[in-house]
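What the sequence shown shows, in our numbering, is residues 18 to 289, in sequence order. We treat Cβ as the ideally placed atom computed from N, Cα and C, and that holds for glycine. Input: a single structure, listed below in structure tokens.
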Amino acid sequence: MEEVFSINSQLVTIETYLHRIAYTGSLAPNLFNLNHLHLAHQQTVPFENLDIILGRRIDLKLPTILDKIVNKNRGGFCYELNSAFAWLLDKIGFKVKLLSARTYDGETLGPEFDHMLILVNLDQPVIADVGFGDSFLLPIIPGGADCYQFDRYYRLQNNEGRWVLQQRFEAGDWKSQYIFVMKSHPLHHFDAMCDYHQTSQSSSFTRKTVCSRVTESGRITYADGRYIVNEQDNREETMVGNEVSLNKILRNQFGIRFGANDLRQLVATSPG
């Protein structure tokens, strides 16, 4: 397939991206394959803010993002993960658009461009999102039936032209996660909020460390000095108190390699 970017003498192609997410299935642009690509991405590319905690600026430019995720085996937050995944889908042959969402913090709504998600136009519109942390694992059809994914339900409800993503555990109530309209935006429209989330002390991304990915039976997460394994109804939590332990977790569980100074800083910024 056609070469796309050459960054530091390393090529970023459709093939190298698919290898990164360990996907070997069909590339026909249909819902079945989109489901498998979406899940594969979340199982291999972590949702993480480690560069923000380390004080490294995230440049919202596709060559830089693809180099980080594909060549450097890293993850990122929504602006990085969803723009990269949208690029991959587009190159494969899906029709995609970037959408802006306002996220809920309880009953409070964040600003426009607080979150990025992807509209995929198939026979009907489908919402993809590989950058919202612990949320839906398979794409959702707006206005479709409530969908049960692993241990919880999701739905996209139309509220006077605005779509609301809601999540509900089996024994709980529906909780709104974000709201959006079907309006396409170029990547640079997200620049200001991307800068905000990596610099403002009001953003959770500057105050809390997270590195998380989906597994076949649940999710694993490094968060503020704790390593958490969630598998079905079982949760195990281990304190990570030194660079050696953190290095082992990041390398073995997330494929991320840092030097001694970075590991020391990540441990030092964790509570306790």
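{"Item": "Would you call the region 271 to 282 in contact with the region 218 to 225, where contact means no fewer than 3 C-beta pairs closer than 8 Å?", "Value": "no"}
{"Item": "Give me whichever residues DSSP pairs with T286 in a beta bridge.", "Value": "Paired residues: none, contrary to the question."}
{"Item": "Output needed for S229: all residues of its chain with C-beta closer than 8 Å, excluding positions within five of it in sequence on either side, in chain order.", "Value": "P63, F64, E65, G150, D151, R236, I237, T238, Y239 and A240"}
{"Item": "Report the rounded CA-to-CA distance for N138 versus Q183, giving the unit in angstroms.", "Value": "21 Å"}
{"Item": "Can you give me the start and stop residues for the beta strand (DSSP E) that F186 sits inside?", "Value": "R179 to F186"}
{"Item": "Straight-line CA distance for T175 to P159?", "Value": "According to the sequence shown, residue 175 is Asn rather than Thr. Their backbone Cα atoms lie some 8 Å apart in a straight line."}
{"Item": "Provide the residue span of the beta strand (DSSP E) that contains K108, from first to last.", "Value": "First-last for K108: C95 to I109, but that is the alpha helix (DSSP H), not the beta strand (DSSP E)."}
{"Item": "Within 10 angstroms of its Cβ, does S43 collect 16 or more other Cβ (buried), or is it exposed?", "Value": "exposed"}
{"Item": "Is the separation between the beta-carbon of E260 and that of V284 shorter than 8 Å?", "Value": "yes"}
{"Item": "Expressed to the nearest angstrom, what Euclidean distance is found between the alpha-carbon atoms of E19 and D107?", "Value": "Caution applies to E19, whose pLDDT of 37 falls short of 50 and renders its modelled position unreliable; the value that the coordinates give is listed next. If I take the Cα positions, the gap works out to 13 Å."}
{"Item": "Of the residues Q60, R169 and Y165, which one's Cα is nearest the Cα of G148?", "Value": "Q60"}
{"Item": "Give the straight-line distance between the Cα atoms of G110 and G258, rounded to the nearest whole angstrom.", "Value": "46 Å"}
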